[in-house]
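Numbering (the UniProt record's numbering), first residue to last: 1 to 391.
Working notes for the structure below.
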């Protein structure tokens with residue numbers, strides 16, 4: 001939960017009171033007296049909080065609240081009921097050995113893999129704006145494989161104004177490692193066609209690569225590089241809590257996550273944790289993969305929560321447009337409880353502008369518990385539990 005390697009000495013010296021209920025003894029021992037019925041209070045030092053959370057979970061307990069106590073580690077030695085502090089960080093970074101298994105740059109720009117477009121489907125429905133396509137590419141005949149959360153590069157056909165080949169653009173992969181056809185031979189993308197009016201001439205400008213992809217016909221070839229990326233990988237732990245915050249096509253890696261959790265029957269990965277998706281868009285017609293998302297929520301209500309922020313149709317508490325950061329603020333207290341659990345991973349993907357609002361909402365929730373969010377989130381990032389990919 002907390003990475004103590006870079007935390008301030010003040011934070012490490014803090015004591016917190018855990019109020020818990022529903023504890024039983026057969027799951028393990030906790031080094032402080034506990035009642036087996038009714039709420040119990042446990043005094044815990046900062047750097048042992050996640051270990052205590054683990055023990056409480058093992059004993060079938062539920063944490064009702066966490067509140068700060070004092071500011072001195074010295075108080076721990078005077079209190080015989082306080083658990084002994086340990087020097088071990090509560091959430092260790094991923095090992096280099098684990099990272100070495102992640103496929104990277106199997107195909108490079110000088111020698112890309114040439115795949116084939118299998119399908120190109122419009123995702124924006126009636127009432128939505130713009131064009132967003134779900135594209136599926138055939139990878140058979142090559143060695144391109146990938147993991148959920150990675151990206152691939154696309155090199156569009158043609159040349160730039162100087163007659164040189166176009167540079168590649170990176171796109172987050174929207175399919176699981178097994179592909180939409182579950183045969184390990186496809187990869188899918190979620191691509192919005194970039195269109196805007198030139199600020200000086202008023203001329204319509206279209207994105208080179210996004211236009212190339214959105215106009216692809218089935219059977220057409222496409223040059224692919226990669227995969228790349230280790231920041232947004234889904235943890236192997238099937239009991240992890242996965243919080244996802246996305247705007248627009250930032251949903252791509254989360255589609256891969258959710259399909260792996262709820263649509264595939266993987267004997268080596270049976271998801272049992274909590275997945276919570278916050279998705280922001282302009283109109284209901286712009287909710288990407290809406291039918292699939294809502295079907296999963298209906299089928300797995302205990303494991304999947306779905307929260308929309310539809311800016312042009314919903315209002316926030318102040319009467320303004322509802323953005324994803326407003327939904328985070330509304331649910332900040334619940335999210336704060338989640339992120340304190342060391343098996344919780346939070347992912348942010350989409351527009352960079354939403355980061356400040358997310359931090360603001362979480363800061364208020366953390367402050368209620370005497371915790372500085374800016375320091376806390378730095379520790380989460382070092383523990384590889386707070387993942388950000390924005391543009």
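The C-beta atom is built at its ideal place from N, Cα and C for all residues, glycine as well.
The closest CA to that of residue 377, considering only 339, 389, 350, is found on 339. Residue 151 counts as buried, since no fewer than 16 other beta carbons sit within 10 angstroms of its beta carbon.
Cα atoms of residue 166 and residue 214: separation of roughly 16 angstroms, rounded to the nearest angstrom.
In the three-state reduction of the DSSP assignment, residue 318 falls in the coil class, being assigned neither a helical nor a strand state. For residue 253, the uninterrupted alpha helix (DSSP H) run begins and ends at 252 to 258, by DSSP. Every unbroken stretch of the beta strand (DSSP E) spanning 3 or more residues and falling wholly within the UniProt domain "FAD-binding FR-type" (110 to 234) is given here in chain order: 113 to 122, 132 to 138, 151 to 155, 169 to 172, 186 to 192, 195 to 197, 204 to 206, 221 to 228. Going by DSSP, residue 367 is part of no beta strand (DSSP E) but of the alpha helix (DSSP H) stretching over 354 to 367. Judged by DSSP in its simplified three-state form, residue 389 adopts strand.
Non-local beta-carbon contacts of residue 142 in its own chain, meaning distances under 6 angstroms to residues more than five positions away in sequence, involve 113 in chain order.
Cβ contact annotation for residue 271 (same chain, cutoff 6 angstroms, sequence separation greater than five): 238, 261, in chain order. Inclusion of residue 168 and residue 225 in the CB contact set at 7 angstroms is warranted, their separation being smaller than that value. Around the Cβ of residue 286, a 10 Å sphere holds 16 or more other Cβ atoms; the residue is buried. In the three-state scheme derived from DSSP, where H, G and I count as helix and E and B as strand, residue 271 is classed as coil.
Secondary structure of residue 323 (DSSP, three-state): coil. Counting along the chain, residue 338 sits inside the alpha helix (DSSP H) bounded by residues 332 to 339. C-alpha of residue 369 to C-alpha of residue 66: approximately 7 angstroms in a straight line. Residue 356 and residue 245 have their alpha carbons spaced roughly 13 angstroms apart. For the options 129, 111, 155, 131, the alpha carbon positioned closest to that of residue 222 is the one of 155.
In this structure residue 186 is not in contact with residue 254, their Cβ atoms being roughly 19 angstroms apart against a cut-off of 8 angstroms.
Its chain contains 102, 103, 177, 227, 233, 234 as the residues whose beta carbon lies nearer than 8 angstroms to that of residue 147, once the 5 sequence neighbours on both sides are disregarded; these appear in chain order. Put simply, the backbone Cα of residue 358 is about 35 angstroms away from that of residue 106. Comparing alpha carbon positions, the residue from 258, 312, 306, 311 closest to residue 331 is 306. Rounded to whole angstroms, residue 264 and residue 203 show a C-alpha spacing of 45 angstroms. Apart from the 5 residues on each side of it in sequence, residue 313 sits with its Cβ closer than 7 angstroms to the Cβ of 283, 284 in its chain, given in chain order.
Under the criterion of beta carbons closer than 8 angstroms, residue 153 and residue 109 qualify as touching, at roughly 7 angstroms. Leaving aside the five residues that flank residue 216 on each side, the residues in its chain whose CB is nearer than 7 angstroms to its CB run, in chain order, 117, 120, 135, 222. Within its own chain, the residues whose Cβ lies closer than 6 angstroms to the Cβ of residue 250, once the five positions on either side in sequence are excluded, are 349, 350, listed in chain order.
Per DSSP, residue 309 is one residue of the beta strand (DSSP E) stretching across 304 to 310. Under the three-state reduction of DSSP, residue 19 is assigned to strand. Take the alpha-carbon of residue 292 and the one of residue 149: they are about 19 angstroms apart. Collapsing the DSSP output to three states places residue 383 in coil. Excluding its 5 nearest sequence neighbours in each direction, residue 388 has C-beta neighbours in its own chain below 6 angstroms: 348, listed in chain order. In the displayed model, residue 348 falls within a strand according to three-state DSSP. Secondary-structure assignment with DSSP links residue 243 through a beta bridge to 276, 346. Taking C-alpha positions only, residue 125 is separated from residue 302 by approximately 29 angstroms.
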